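In UniProt numbering, the protein residues as written are 1 to 136. Scroll down for the structure; my scribbles are underneath it.
Following this line, the structure appears as structure tokens:
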């Protein structure tokens with residue numbers, strides 16, 4: 001009888017330990033997504049600043065080729081920034097009623113999506129910065 005109680009107690013303790021491990025894993029997954037989000041937000045802010053400068057340069061230029069190039073850069077910056085806004089709007093951190101597997105799958109997908117958005121922002125910013133006047 002004592003053996004059965006001991007085995008049952010060990011099973012319950014194992015289950016509780018597994019639950020803590022799952023919560024820790026979920027928190028780590030969420031932290032990774034938030035860390036990438038924060039990085040992407042910095043790049044999004046830079047994209048907005050670069051777009052303002054690019055748009056101003058386009059208004060001042062008389063060269064049709066240069067204006068066309070700047071308009072394309074402005075569009076690229078806008079598209080990347082809109083992708084960030086879209087991702088943030090769709091992100092849902094409420095996992096009520098979700099299993100551990102569902103939560104981890106969702107976080108993995110969100111991490112991949114925000115990495116893709118961040119890459120778009122980085123590429124757009126680098127392209128814009130090549131055309132921005134150098135300031136000291």
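For each residue, glycine too, the CB sits at the ideal point set by N, CA and C. Model, not experiment: these values are computed from the prediction.
(request) Could you tell me the distance, in whole angstroms, from the CA atom of residue 85 to the CA atom of residue 127? (result) 20 Å
(request) Would you mind reading off the limits of the alpha helix (DSSP H) that contains residue 119? (result) 100–131
(request) Could you tell me which of 21, 35, 23, 58 sits nearest to residue 110, measuring between CA atoms? (result) 35
(message) Beta-carbon within less than 7 Å of residue 83's beta-carbon, same chain only, minus the 5 sequence neighbours each way: which residues are those?
(response) 117, 120
(message) Are the CB atoms of residue 122 and residue 43 within a distance shorter than 8 Å?
(response) yes
(request) Compute the beta-carbon to beta-carbon distance between residue 81 and residue 54, rounded to the nearest angstrom, for a pair I have assumed lies under 8 Å. (result) Contact doesn't hold; Cβ gap of about 12 Å is too wide.
(request) Give, in chain order, every unbroken run of the alpha helix (DSSP H) that is at least 4 residues long and sits entirely within the stretch 23–98. (result) The stretch 23–98 contains these whole alpha helix (DSSP H) runs: 64–90.
(request) Have a look at 125, 133, 79, 100 and flag the residue whose alpha-carbon is nearest the alpha-carbon of residue 30. (result) Cα-wise, what sits closest to residue 30 is 100.
(request) Report buried or exposed for residue 51, applying the criterion of at least 16 other Cβ atoms within 10 angstroms of its Cβ. (result) buried
(request) Spatial neighbours of residue 107 within its chain, please: CB distance less than 8 Å, with the 5 preceding and 5 following residues excluded, ordered by chain position. (result) Taken in chain order, the residues that qualify are 26, 29, 30, 32, 33.
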